[in-house]
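Participant:
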Amino acid sequence: MSHTTTPFSFAQALVSWQRTHGRHDLPWQNTTDAYRIWLSEVMLQQTQVVTVMDYYAKFLARFPDVQSLARAEHDDVMSLWTGLGYYSRARNLHACAKAVVADFGGEFPRTPEQLITLKGIGASTAAAIAVFAYGYPAAILDGNVKRIIARVHGIRTPASAATDKIMWQHANELLVTANDAKKLKLTHAAALRAYTQGLMDLGASLCARRKPQCDICPMQTNCYARIHHLTDDIPPAKVRKVSPEFDVNLYIYQHAGRVWLEKRPSKGIWAGLYSFPEQPRLDVNVNASIDANQDKKDKTNAPRIRHVLTHRILHLQPHIFQLTASQAHGLEDAENAEHGGWFDVDDLKGVGLPKPILGIIEQVLGSID
DNA sequence: AAAGCGGGGCT
DNA sequence: AGCCCAGCTTT
Numbered sequence: 001m002s003h004t005t006t007p008f009s010f011a012q013a014l015v016s017w018q019r020t021h022g023r024h025d026l027p028w029q030n031t032t033d034a035y036r037i038w039l040s041e042v043m044l045q046q047t048q049v050v051t052v053m054d055y056y057a058k059f060l061a062r063f064p065d066v067q068s069l070a071r072a073e074h075d076d077v078m079s080l081w082t083g084l085g086y087y088s089r090a091r092n093l094h095a096c097a098k099a100v101v102a103d104f105g106g107e108f109p110r111t112p113e114q115l116i117t118l119k120g121i122g123a124s125t126a127a128a129i130a131v132f133a134y135g136y137p138a139a140i141l142d143g144n145v146k147r148i149i150a151r152v153h154g155i156r157t158p159a160s161a162a163t164d165k166i167m168w169q170h171a172n173e174l175l176v177t178a179n180d181a182k183k184l185k186l187t188h189a190a191a192l193r194a195y196t197q198g199l200m201d202l203g204a205s206l207c208a209r210r211k212p213q214c215d216i217c218p219m220q221t222n223c224y225a226r227i228h229h230l231t232d233d234i235p236p237a238k239v240r241k242v243s244p245e246f247d248v249n250l251y252i253y254q255h256a257g258r259v260w261l262e263k264r265p266s267k268g269i270w271a272g273l274y275s276f277p278e279q280p281r282l283d284v285n286v287n288a289s290i291d292a293n294q295d296k297k298d299k300t301n302a303p304r305i306r307h308v309l310t311h312r313i314l315h316l317q318p319h320i321f322q323l324t325a326s327q328a329h330g331l332e333d334a335e336n337a338e339h340g341g342w343f344d345v346d347d348l349k350g351v352g353l354p355k356p357i358l359g360i361i362e363q364v365l366g367s368i369d
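Mapped onto the UniProt record's numbering, the consecutive letters of the first sequence carry residue numbers 1 to 369.
1) I need the straight-line Cα distance from T196 to F108, nearest angstrom please.
2) Under three-state DSSP, which class holds Y274?
3) Is I227 buried or exposed, if buried means 16 or more other CB atoms sit within 10 Å of its CB?
4) Identify every residue that forms a DSSP beta bridge with residue 392.
5) How would you call K146, buried or exposed, if buried means at least 16 neighbouring beta carbons within 10 angstroms?
6) In the DSSP assignment, find the unbroken alpha helix (DSSP H) run with V308 in it and report its ends.
7) For the pair the region 110-128 and the region 36-49, tell me if three or more CB-CB distances fall below 8 Å.
8) May I have the straight-line CA-CA distance separating K98 from V77, to the nearest angstrom?
9) Assign A11 to one of two classes, buried (16 or more other C-beta atoms within 10 Å of its C-beta) or exposed (fewer than that).
10) Between H255, P354, M219, which has its C-alpha nearest P321's C-alpha?
11) Rounded to whole angstroms, what's the CA-CA distance from residue 393 to D75? Just pull it up for me.
12) Could you tell me the alpha carbon to alpha carbon distance between L14 and G198, rounded to whole angstroms?
13) I need the DSSP call for I269, collapsed to helix, strand or coil.
14) Among Y134, W81, K58, which residue has its Cα nearest to the Cα of A34?
15) By DSSP, does R258 sit in helix, in strand, or in coil?
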């Protein structure tokens, strides 16, 4: 028996804390189904738990397993992502499901090295899937973990690739070991699951960005930021550039209870979703663009919508037209028909829509009834 | 290495 | 009104 003090174990303290104070009843917990865990991890990328809840339930009800998702129509998948944002996630999700079925016999691979080869799965998501589905030892590094590591180790360099490299080293060094598990009287797999969940839970609660509750934190005596009263300064605030603003005209063509929508290009904002025909609105051009539609009757001055994205601010000006039968028919010709079509406003299931476009459709629906 | 990519919750 | 969120992909 040694008389020296047992060194503080971050991993053991975290696992113990998670088991008594962490979350245990989230919809994607208490399962080892890699499909469910993968779906939750992708939805949770840059998205808060409370936001994901509803989308997760509806997605699972529609596509309960990887085979059903792999068989799905792409637009059907996109429609379940309407409003959730970062739509490349949905496109990659579908491609990933197809790859799992085609290349892995419908079973998600078990190692981070293999998981990371799949679309939409990066290093952190691969590790989370490997831990939660298979009890495989791998370190995650999400926003929560970065904040915890920055505070515990006093890392004050701004966010960058170089800082991430340091963070990954710490994340791997801190990971709960087989010996830790033994001390905790847990299997290594159980300890890994509690540890990984514990990082997320601690970052989402006590070690929040603002007003961390250090006085009840299991790491309080071993945390650089706490000891030096620097939790407000670590991690350092990110410098954010001013978002450029864009004015956009939206052309809403209606006929016989249907609305004309066009599939957006595969790159850029809202890639692959359906939206109204649009054109940038240069002030000098506003009248010209309206004039170009003067054969149709612009019956609105619908209010302009301000829509904020991460890197830009959009001012969307809807122009609503009720088309005659011949005008409506005219739209179907030309090359428009390749990526556009008439959609029943009462049945937009299976159509992926950007949030503000969905909002406009709902508003227009209400106003014409 | 830096930029692009949504939308919402919270203060 | 600004910051951040169970990040990944493209340039």
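Even for Gly, the Cβ is constructed at its ideal location relative to N, Cα and C. Predicted, not measured: the structure shown is a model, and the values here were computed from it.
Facilitator: If we stick to the structure as given:
1) Walking along the first sequence from the start, residue 196 turns up at place 196. Walking along the first sequence from the start, residue 108 turns up at place 108. Their backbone Cα atoms lie some 20 Å apart in a straight line.
2) Translated into the one-based positions of the first sequence, residue 274 becomes position 274. Here Y274 sits in strand by DSSP.
3) Position 227 of the first sequence, counted from the first residue, corresponds to residue 227. Here I227 is exposed. Its C-beta has fewer than 16 other C-beta atoms within 10 Å.
4) The question about residue 392 has no answer here: the residues shown for the chain are numbered 1 through 369.
5) One-based indexing of the first sequence puts residue 146 at position 146. By the neighbour-count rule (16 or more Cβ atoms within 10 Å), K146 is buried.
6) Taking the first residue of the first sequence as position 1, residue 308 is located at position 308. Here V308 belongs to no alpha helix (DSSP H); instead the beta strand (DSSP E) covers 305-308.
7) yes
8) The count along the first sequence starts at 1 and reaches residue 98 at position 98. The count along the first sequence starts at 1 and reaches residue 77 at position 77. Cα to Cα, K98 sits roughly 12 Å from V77.
9) In the first sequence, counting from the first residue as 1, residue 11 sits at position 11. Looking at its Cβ environment, which holds 16 or more other Cβ atoms inside 10 Å, A11 is buried.
10) Taking the first sequence and counting its residues from 1, the one referred to as residue 321 is at position 321. Checking the sequence shown, residue 321 turns out to be Phe, not Pro. The residue with the shortest Cα to Cα distance from F321 is H255.
11) The structure shown does not extend to residue 393, since the chain is modelled only from 1 to 369, so the question has no answer here.
12) Working through the first sequence from its first residue, we reach residue 14 at position 14. Working through the first sequence from its first residue, we reach residue 198 at position 198. When rounded, the distance between both Cα atoms is 6 Å.
13) For this step, residue 269 is matched to residue 269 along the first sequence. Residue state, collapsed to three classes: coil.
14) Residue mapping note: residue 34 aligns to position 34 of the first sequence, counting from 1. Taking only the C-alpha atoms, the option nearest A34 is Y134.
15) Within the first sequence, the letter at position 258 stands for residue 258. Strand at R258.
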